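Residue numbers (the UniProt record's numbering), protein chains in the order written: chain B, 1 to 348; chain F, 1 to 348; chain H, 1 to 348; chain E, 1 to 348. From the three backbone atoms N, C-alpha and C, an ideal C-beta is built for every residue, glycine too. Just so we're clear, the structure is a prediction, and the values are computed from it rather than from any experiment.
4 protein chains.
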Amino acid sequence: MPYSVAVAGASGYAGGEALRLLSAHPELEVRTATAHSNAGQRLIDVHPHLRSLAALDLVETSAATLAGHDVVVLALPHGASGALAAELPDDVLVLDLGADHRLTNEADWNRFYGSEWHGSWAYGLPELLHSGSGRQRDALAGARRIAVPGCNVTAVTLGLAPGIRAGVIEPGDLTAALAVGPSGAGRSLTTELLASELLGSAAPYAVGGVHRHIPEILQNLAVAGAESPTISFTPVLVPMSRGILATVTARLVPGTSAAAVRDAWVDAYATEHFVHVLPEGRFPRTADVLGANTAMMGVAVDADAGRAVVIVAIDNLVKGTAGAAIQSLNIALGLDETLGLPFDGLAP
Amino acid sequence: MPYSVAVAGASGYAGGEALRLLSAHPELEVRTATAHSNAGQRLIDVHPHLRSLAALDLVETSAATLAGHDVVVLALPHGASGALAAELPDDVLVLDLGADHRLTNEADWNRFYGSEWHGSWAYGLPELLHSGSGRQRDALAGARRIAVPGCNVTAVTLGLAPGIRAGVIEPGDLTAALAVGPSGAGRSLTTELLASELLGSAAPYAVGGVHRHIPEILQNLAVAGAESPTISFTPVLVPMSRGILATVTARLVPGTSAAAVRDAWVDAYATEHFVHVLPEGRFPRTADVLGANTAMMGVAVDADAGRAVVIVAIDNLVKGTAGAAIQSLNIALGLDETLGLPFDGLAP
Amino acid sequence: MPYSVAVAGASGYAGGEALRLLSAHPELEVRTATAHSNAGQRLIDVHPHLRSLAALDLVETSAATLAGHDVVVLALPHGASGALAAELPDDVLVLDLGADHRLTNEADWNRFYGSEWHGSWAYGLPELLHSGSGRQRDALAGARRIAVPGCNVTAVTLGLAPGIRAGVIEPGDLTAALAVGPSGAGRSLTTELLASELLGSAAPYAVGGVHRHIPEILQNLAVAGAESPTISFTPVLVPMSRGILATVTARLVPGTSAAAVRDAWVDAYATEHFVHVLPEGRFPRTADVLGANTAMMGVAVDADAGRAVVIVAIDNLVKGTAGAAIQSLNIALGLDETLGLPFDGLAP
Amino acid sequence: MPYSVAVAGASGYAGGEALRLLSAHPELEVRTATAHSNAGQRLIDVHPHLRSLAALDLVETSAATLAGHDVVVLALPHGASGALAAELPDDVLVLDLGADHRLTNEADWNRFYGSEWHGSWAYGLPELLHSGSGRQRDALAGARRIAVPGCNVTAVTLGLAPGIRAGVIEPGDLTAALAVGPSGAGRSLTTELLASELLGSAAPYAVGGVHRHIPEILQNLAVAGAESPTISFTPVLVPMSRGILATVTARLVPGTSAAAVRDAWVDAYATEHFVHVLPEGRFPRTADVLGANTAMMGVAVDADAGRAVVIVAIDNLVKGTAGAAIQSLNIALGLDETLGLPFDGLAP
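Below you can see the structure in the form of structure tokens.
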């Protein structure tokens, strides 16, 4: 008998993508989809692409409507999931796609978010390398509260952790510049996200160290072994609905050979299903991972500049959000980690 | 009486944009447009948007067809302009939109281009700061051979030179990641430049220190006063036909205040017509400069990361190519530097 | 001494484009820009691309702030300009970019708009052919109240009127399908206009005869000589910020030769500056007219289907809105009709 | 034991999409992928998104390399599949994604294609209504030679056939205008398909009755019961990599009620898995069907214009090409028709 699932915040982009993937999962059954202003509508009127779930209606988000499911996925605005999650039974698997339970340091939460802090949950990035050995996957087995990482965080963390753990790049003075699609910002009505503003244009935001994903990246890199990491992080909105292409760079540890640098990444992900390191000289495009739970990357060594350059491509709504949730869910429930998750991108 | 102008390589994007701007210039008259495979066609069949020049036919590119003009603009593939330019009289103003005459160091040319080196010309970036004081503008007055900078080079150089000359950023370990439109790659038929490949995708290229624009950037920064500059430079194609959004970062010189950093940029460009530094906390989009000869930038200080972050937006075909040529032409001929050049972008 | 101009509703796309073009007009001086929710801000904070007008602040829209100018351009939501215009002196030239004064038939207004009707003004489409002979241009000389046409209306009207007046196509059973950029819908915050919704997608709207531009098209075709015209009209939003590509078709009048059909269009626009009929077998793209006041079109005869097919490209914000206003303004004030208006598109 | 499959022409877009879908099909195993100029490369170097098939190398296209498979999919340029198919055994299931075997009328082939005619195969559009009763599905059971329809043809045929068969629209004087992504034109290197040409622009092609898909549409409508159908057909390239949004219109048969018109479409597709008629007043976007084998449509009655308007959205590479092939394959092999085919689109 399949596990029953409810998705809260189903009318947004993250909630919609969770539903798309959940409905194709062989061991799960979506029973409930909740919303706030759209409650009462048919799900398919809000997400016309979700034909598989045409029978679902959106009900009001509350502890009552979410009760009685094996799995609850929270796709709510930041600050909204903490109180709601506290009302759900401990043995229900709850996955939070929002930021509320990601940060382990309350001071970071207060500085970058500022609403009430609700503590941290098991962090849903299975491939995250732990200092020395081990991976985050182990912390997810049997977990019942999982914080799904931020999409930009996933791209940057996966791109840097191998070099950090292997000691081939320096943890201070990292840089990351990301070309990102607007769907990561959600279905929110702001002028900056209008099609007329973004079509034919590239637009930076949160420039100069103020983006909320920065403390989460540094937290992950510390897990991978970085002492006092620092990162210059700049996202740029570009005219594609989905996708993140992260260009991350790090100073090479002096004396490291180019082969040793590449080996750090190749070795780190050799056994991973969803992280794919390309052959030398090749780099990914976001189209290569569109709709897939794949993080694809290429690693270069720029000896003149003294930096390693890693290009990481993910689909922000899949490996960056809803796919990561299902991957973690599979682990938490003891299922095959790859169940219900696409490997292949949709290109062109 | 207007100066007569010929454009060689008129069927490409750079040539087309040069023609668009030249035809609107009050002191110039386009008499001749040349091409190779398209010779014999009407210009408007190759560039249907150039209604102002509907009377022109494309003639074969040669020293003979280019002879007899006051100004010759060369918009030819790299390696093609050196020999042709040598056949033109010394008193003709020749502007090369290609790379052939940009690099002052033959070893750099050989490493990054590899064809025959033809020496360097006066460098067409009027706003380029010279170490100590002075600007490149002075070197252009009366010049008759001008090498127009590469488009990425213009964005990165303008973004870094003020901090270099003011001594508020360190010249080593610079980084630049650029979101760029494909028109900068020209009208060349390669699979990577097909619409199906780029629509909905972000695609890096020339990753890891191999892009031909790197030595030109370093050459400029040395002019601005940098000793042994190094830069990690990564361009990413994004789905917009035109535009460059450069994210450039540099380590802050220890002890420098945030105000001193911003002042370096504000002061450097306070008197410039075509470089516009936005107020603190604001950053440009490429749409803001579409079709304009404007470089717009925002400067941030990321104290946590210890880096200055400068975002620069230009239109690669205008301030990055054809507009820069006309601005330099105006200076060389003693005209008002702003003549015939748009300030305002075409947004949305 | 230049004419002084005020633009009401300056923070929207139509208002912004009017300002861009007005600021480049040699006989006009923009003195005032008004807004509602953005009043009090600097214009350049709302339209960062308008560097030429950096000195302007947005003031509140009212009869008082608009008083004392020679020309007032109203770029207000439908229904808002009628009352305001009534407060402006009769000798001020008022151009309404909205729909309020376009329709001559009150019943049409009531059916498609429904708010209070304010009567009709001189219709600002100079090239509109009048039945028999003559053009709308004559009605604009000396006018002081001008209703600027809808953008889709301009494309469809220009594409059909020549065949109507020449009697080579039938006025009943016309069809029009338009690929349109979202900027025509204005800077309004609706989910359908979000970048995430439109990027990578084509989305129809107002399907089945309910679009407000339909009665205006039929009104124009009646002016051109059509008896009881009918049209099936379908706009489709596509992922480009600007531009309209209209595919209009009409049944051929039996016995008409293909040459006679093409001649109708070629002859109608032979003397027009801003309407350009391409040679046989060629058709325009919207990029060809981006930023220009040009309507470019191609005419084909499909003998098998028994229909003429006309493809019309315009920039919805220029020839479709702000450029049309300035063209009409030039005529109304007795200036050269082409003053301050670009012919050439911005491609690629 | 799964059926073994070979794909010829694997390096193009149609071939790549066939491989993406085939690799996810539970009853099929892709054994061979062939190419011409790319033979010898790894498949994943040509299609980096196809991680599931990373083990495959591209071999030369020939009867020898295609031999020994249960199923052969031909994704070759028009004119190339006829001779090759003749060399394959009769009991192998051959699906031709190209045009070579679609047309039943040799004169049509000669007029629109002109190369050698190879006769017609079972036509792979299962939902095609036959005059009176029955559907094309019946002709596909057990078939071993299947001609997969053209992508534009599928959209237009599905949009018109219900009204034709039900007698509520007239078969003469049909119109179709399509917004199409460039991937339908294949991975061919032509200037018109460059990203710089298409980004930010809408571009018509094959205007005026010359498109090769026209006779195929008329052939289908005749199957559905149309006597002497005629259609004005205009495709417009728009800046999205995939997708077709077809606006098709037809004159209403006098005296038909709006309800009767809508019922014709609702009834025709009530039992179809992959054709979805939206509720009254709703119309599809291409994003709703991205990556899915779904044709989604909305039907409107424009009483003023006397026309039915049907909007059809498909993914040109899925329901328009590779998905249609697999759907037909499922029928031909006696499998569940929906096996391996996605219902849900990838939005946003």
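Given a cut-off of 9 Å on the beta-carbon distance, is the pair residue i and residue j in contact?
i: Asp-173 (chain E); j: Gly-306 (chain H); result: yes
i: Ala-224 (chain H); j: Leu-129 (chain H); result: yes
i: Asp-70 (chain B); j: Ala-85 (chain B); result: no
i: Thr-104 (chain F); j: Ala-203 (chain B); result: no
i: Ala-295 (chain F); j: Val-309 (chain F); result: no
i: Arg-187 (chain E); j: Leu-194 (chain F); result: yes
i: Leu-125 (chain B); j: Gly-98 (chain B); result: no
i: Trp-265 (chain H); j: Val-299 (chain H); result: yes
i: Val-7 (chain E); j: Val-72 (chain E); result: yes
i: Arg-242 (chain B); j: Asn-330 (chain B); result: no
i: Leu-178 (chain F); j: Phe-233 (chain F); result: yes
Closest Cβ-Cβ distance between residue i and chain F: below 9 Å?
i: Thr-234 (chain E); result: no
i: Gly-114 (chain B); result: no
i: Ala-260 (chain H); result: no
i: Arg-212 (chain B); result: no
Any C-beta of chain E sitting closer than 9 Å to the C-beta of residue i?
i: Ile-311 (chain H); result: yes
i: Val-266 (chain B); result: no
So residue i and residue j are supposed to be a Cβ contact under 8 Å. How far apart are they, rounded?
i: Val-301 (chain B); j: Leu-252 (chain B); result: 7 Å
i: Thr-34 (chain B); j: Ala-10 (chain B); result: 6 Å
i: Met-240 (chain E); j: Ser-201 (chain H); result: 6 Å
i: Ile-217 (chain H); j: Ser-328 (chain H); result: Wrong, their Cβ atoms sit about 18 Å apart, outside the cutoff.
Beta-carbon of residue i versus every beta-carbon of chain B: anything under 9 Å?
i: Asp-57 (chain E); result: no
i: Asp-45 (chain E); result: yes
Can you check DSSP and say which residues form a bridge with residue i?
i: Met-296 (chain E); result: E:His-276 and E:Ala-313
i: Val-73 (chain F); result: F:Val-7 and F:Leu-95
i: Arg-262 (chain B); result: In DSSP, Arg-262 (chain B) forms no bridge with anything.
i: Val-253 (chain F); result: Its beta-bridge partners do not exist; DSSP assigns none.
i: Ile-244 (chain H); result: H:Val-180 and H:Ile-314
i: Tyr-205 (chain B); result: Answer is none; Tyr-205 (chain B) lacks a bridge partner.
i: Ala-35 (chain E); result: E:Glu-60
Step through the CB atoms of chain H and report whether any lies within less than 9 Å of the CB of residue i.
i: residue 357 (chain F); result: One cannot answer for residue 357 (chain F) here, as it falls past the ends of chain F, which runs 1 to 348.
i: Leu-341 (chain F); result: no
i: Arg-277 (chain E); result: The sequence as given places Val at residue 277 (chain E); Arg does not occur at that position. Output row for Val-277 (chain E): interface = no.
i: Val-207 (chain E); result: yes
i: Ala-303 (chain E); result: yes
i: Ala-107 (chain E); result: no
i: Ala-226 (chain E); result: no
Run down chain B in chain order and give the residues with a C-beta less than 9 Å from the C-beta of residue i.
i: Val-238 (chain F); result: Ala-179, Ala-202, Val-236, Val-238, Pro-239, Met-240 and Leu-245
i: Gly-306 (chain F); result: Gly-172, Asp-173, Thr-230 and Ser-232
Which residues of chain F have a Cβ atom closer than 9 Å to the Cβ of residue i, listed in chain order?
i: Thr-191 (chain E); result: Arg-187 and Leu-189
Cβ closer than 7 Å: which chain F residues qualify as neighbours of residue i?
i: Tyr-13 (chain E); result: Ser-196
So which residues on chain E does residue i lean against when the C-beta distance must stay under 9 Å?
i: Pro-182 (chain F); result: Leu-194, Ala-195, Ser-196 and Leu-199
i: Arg-20 (chain B); result: Asp-344, Gly-345, Leu-346 and Ala-347
Output, in chain order, the set of chain B residues within a Cβ distance shorter than 8 Å of residue i.
i: His-49 (chain E); result: Ala-287, Asp-288, Val-289, Leu-290, Ala-292, Asp-344, Gly-345, Leu-346 and Ala-347
Counting only Cβ pairs nearer than 7 Å, list the residues of chain E close to residue i.
i: Ser-52 (chain B); result: Phe-343 and Asp-344
i: Ala-155 (chain H); result: In chain order: nothing, as chain E lies at least about 12 Å away.
Mind listing the chain H neighbours of residue i? Cutoff is C-beta to C-beta under 9 Å, in chain order.
i: Pro-284 (chain F); result: Pro-48
i: Thr-249 (chain E); result: Thr-175, Ala-177, Ser-232 and Thr-234
Can you pull the chain E neighbours of residue i, defined as C-beta to C-beta under 8 Å?
i: Ala-8 (chain H); result: Those within 8 Å of Ala-8 (chain H) in chain E number zero; the least Cβ separation is about 29 Å.
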